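Undergrad: Below you will find the structure I want to go over with you.
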Amino acid sequence: MSSEPRTTAALGKFHAAAQAQPNIALVKYWGKRDVVLNLPTTGSISITLDSLWTRTEVRFVPGQAHDRVSLNGRSDAAETKRVVACLDLLRQRAAVDWGAEVDSRNNFPTAAGLASSASGFAALVRAGAQALDLGLDETELSMLARRCSGSAARSIFGGYV
């Protein structure tokens, strides 16, 4: 477990990388009080899994019309749709319509019950916001990440959340 902030690095103009860890809910919320904002009915408590990570690079390309998404070296239509929806939130904030190239990798199995979507979307939001120079704080990153995956809001932070 860690209480360290997740890492982010600017890699050039409109290009950044970030890492986030998954979290496991110790007390899980049930139901949603706002579907659009993905707000839970009740709160939850989770612990961050420090040794597991997702690393994501995002590059926005001015003039590029479509997004290209690679998850663990593969393209998956269902996951790409979720990633594009998340990128759209960032593009809307930045007032750009550029396509993005996304490469995301886990050091643990995807879709195995270890919250890979939580760490994946937390890393995506963190890297995408940095690439677009949005200057968002942890709370704003968490709010955007939550709209992509409810658990991703907690993966923005470390330790107990």
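Heads up: the sequence shown begins at 7 in this note's numbering, then just goes up one per residue.
The beta-carbon is built from N, C-alpha and C at its ideal position, and this holds for glycine as well.
From a predicted model like this one, the values you see are computed outputs, not experimental measurements.
1) Under 8 Å by Cβ, that's how I've got residue 125 and residue 161 pegged, so tell me the actual separation to the nearest angstrom.
2) Work out the CA separation of residue 51 and residue 65 for me, nearest whole Å.
3) Among the residues of its own chain, which have a CB less than 7 Å from the CB of residue 16, if the five just before and after it don't count?
4) Determine whether the beta carbon atoms of residue 54 and residue 134 lie at a separation below 8 Å.
5) Within this structure, are the beta carbons of residue 132 and residue 14 separated by less than 8 Å?
6) Which residues share a DSSP beta bridge with residue 111?
7) DSSP three-state call for residue 3: helix, strand or coil?
8) Here's the rule: buried if 16 or more other CB atoms are within 10 angstroms of the residue's CB, otherwise exposed. What is residue 113?
9) In angstroms with no decimal places, state the Cα-to-Cα distance between residue 7 and residue 58.
10) Per DSSP, which residues does residue 26 bridge with? Please list them.
11) By a C-beta neighbour count over all protein chains shown, 10 Å radius and 16 as the cutoff for buried, is residue 152 buried or exposed?
12) Assign residue 158 to one of two classes, buried (16 or more other C-beta atoms within 10 Å of its C-beta) or exposed (fewer than that).
13) If you reduce the DSSP assignment to three classes, tell me which class residue 142 lands in.
14) What does the Cβ neighbour count give for residue 73, buried or exposed, with the cut at 16 atoms within 10 Å?
15) Let's test the definition: count the other Cβ atoms within 10 Å of the Cβ of residue 150 and tell me whether it reaches 16, buried, or not, exposed.
16) Who are the near neighbours of residue 142 in its chain, counting only those whose CB is closer than 6 Å to its CB and skipping five residues on each side?
TA: In short:
1) Rounded to the nearest angstrom, the Cβ distance from residue 125 to residue 161 is 5 Å, consistent with a contact under 8 Å.
2) Between residue 65 and residue 51, the C-alpha separation is close to 33 Å.
3) Excluding sequence positions up to five before and after residue 16, its CB lies within less than 7 Å of the CB of 22 and 136, all in the same chain and listed in chain order.
4) No; because the gap between Cβ atoms is not below 8 Å, this pair is not in contact.
5) Yes, the pair counts as a contact, with Cβ atoms nearer than the cut-off.
6) Beta-bridge pairing by DSSP links residue 111 to 61.
7) Since the first residue shown for the chain is 7 and the last is 167, residue 3 is missing from the structure and cannot be characterised.
8) Counting every other CB atom within 10 Å of its CB across the protein chains shown gives residue 113 a total below 16, marking it as exposed.
9) Residue confidence is low: residue 7 scores 40 on pLDDT, short of 50, so the model does not pin down where it sits. Its coordinate-derived value is still stated next. Approximately 10 Å between the Cα atoms of the pair.
10) The secondary-structure analysis by DSSP pairs residue 26 across a beta bridge with 60.
11) Buried: at least 16 other Cβ atoms inside 10 Å.
12) Buried is the label assigned to residue 158, since at least 16 other Cβ atoms lie within 10 Å of its Cβ.
13) Residue state, collapsed to three classes: coil.
14) Residue 73 is buried by the Cβ-count criterion.
15) Buried, because 16 or more other Cβ atoms sit within 10 Å of the Cβ of residue 150.
16) Close CB contacts of residue 142 within its chain, under the 6 Å cut and outside five residues either way in sequence, are with 135 (chain order).
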